[in-house]
Amino acid sequence: MVRTAVIMAAGLGTRFGKMTETQPKGFIEVGGISMIRRSIETLLSCGIERIVIGTGYKKECYEALCEEYPQIECVYSPRYAETNSMYTLYNCREAIGDSDFLLLESDIVFNADAVKEILSDVHENIMLITPVIKFQDQYYVMHDENGTLVACSTDKDVLDAQGELVGIHRISSLFYHVMCDEYAGIVEEKPKLGYEYMLLDMSRNKIPVYVLNSSVAKWYEIDDERDLKYAEENIIGLF
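For any residue, its number in the numbering used here is found by taking its place in the sequence shown, counting from 1, and adding 194.
This is the structure:
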């Protein structure tokens, strides 16, 4: 059983402007509750027992959560301003250890059904997608006839997309260790690599990633104030 979750939360959140001058974007409230608190409570309600948070910008905000939630462990990435999500994930390898885990973004809101569905699926390595719902910054995903991830892009015109990346994944320990070994060889060459593209490379060349097209997941990625307004008006009430 997967009992560990890893949340990527190192980013600067510059698109929120003044809203992230004193706090990281995960602490922005949606419907009166911060995104990170929503994620923590939802994960715990679904049986997750340990949450690793990869931090960077305003790390002290996340570290303060450890006093309230003993299930949380924070891993600081001092290179957060010059790297991207794959580096943050790689930097968490000691804390993750040999655990299978859920991998999530800090700037998404989602319902418990999304977590329960990915946890109950028989595949070990999963990328959760849904039909396209977002009006900007989408990651489009394509899989083959077996459901294996074969392409992802922010440009919908370069692939035959079956859906949109949610930002919730299930990763086995074996997969993660192989991925970290691969990334170790290119980390200085590609410090700004997003983990999505590392998952794609792994699926194509090493270990398949199954694409789970969910019919029950309700979610939204919140990158700026426009997203925040949309989520409060159209998404939060679905949970």
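Cβ atoms here follow ideal geometry from the backbone N, Cα and C, with glycine treated the same way.
A quick note: this is a predicted structure, and the numbers were derived from the prediction, not measured.
Over what stretch of residues does the alpha helix (DSSP H) that includes residue i continue unbroken?
i, result
"CYS346", "No alpha helix (DSSP H) contains CYS346, which is instead part of the beta strand (DSSP E) from 343 to 347."
"CYS260", "253 to 262"
"ARG231", "229 to 239"
"ARG420", "419 to 428"
Give the DSSP-derived three-state secondary structure of residue i in the structure shown.
i, result
"ARG364", "strand"
"HIS371", "helix"
"ASN407", "strand"
"ILE290", "helix"
"TYR270", "strand"
"PHE295", "strand"
"GLU339", "coil"
"PHE304", "strand"
"MET392", "helix"
"GLY431", "helix"
"LEU206", "coil"
"VAL352", "helix"
"VAL316", "coil"
"GLY211", "helix"
"GLU223", "strand"
"GLU276", "helix"
In terms of residues, what are the limits of the beta strand (DSSP E) holding residue i?
i, result
"THR198", "198 to 203"
"TYR414", "413 to 415"
"TYR387", "Inspection of the sequence shows that residue 387 is occupied by Leu rather than by Tyr. Segment: none, LEU387 is in no beta strand (DSSP E) and carries neither H nor E."
"LEU283", "Note, LEU283: premise wrong, no beta strand (DSSP E); alpha helix (DSSP H) at 279 to 285."
"THR216", "First-last for THR216: undefined, no H or E at that position."
"GLY248", "244 to 249"
Let me know if residue i comes out buried or exposed under the rule of 16 or more other beta-carbons within 10 Å of its beta-carbon.
i, result
"VAL403", "buried"
"THR348", "exposed"
"ILE227", "exposed"
"ARG398", "exposed"
"LYS431", "It should be noted that the sequence gives Gly, not Lys, for residue 431. GLY431 is exposed by the Cβ-count criterion."
"ALA199", "buried"
"ASP338", "exposed"
"ALA355", "buried"
"GLY211", "exposed"
"VAL410", "exposed"
"ASP421", "buried"
"ASN428", "exposed"
Going by CA-CA distance only, name the one from the options that's closest to residue i.
i, options, result
"CYS286", "VAL372, ILE201 and ALA425", "ILE201"
"ASP292", "ASN399, GLU254, GLU426 and MET195", "MET195"
"PRO325", "TYR414, ASP418, ARG209 and MET213", "TYR414"
"ARG244", "ILE230, THR236 and PRO264", "PRO264"
"VAL316", "ILE365, ALA425, LYS350 and ILE290", "ILE365"
"TYR281", "GLU427, LEU237 and GLU383", "GLU383"
"GLY241", "ASP417, GLU311, TYR256 and LYS253", "GLU311"
"THR214", "ALA425, ASP301 and ARG232", "ASP301"
"GLU267", "GLU426, ILE234 and LEU206", "ILE234"
"LYS253", "LEU238, SER239, THR236 and ILE230", "ILE230"
Quick one: measure Cβ to Cβ for residue i and residue j, integer angstroms, because I've assumed they're closer than 8 Å.
i, j, result
"TYR274", "VAL381", "Not really, about 14 Å apart at Cβ, beyond 8 Å."
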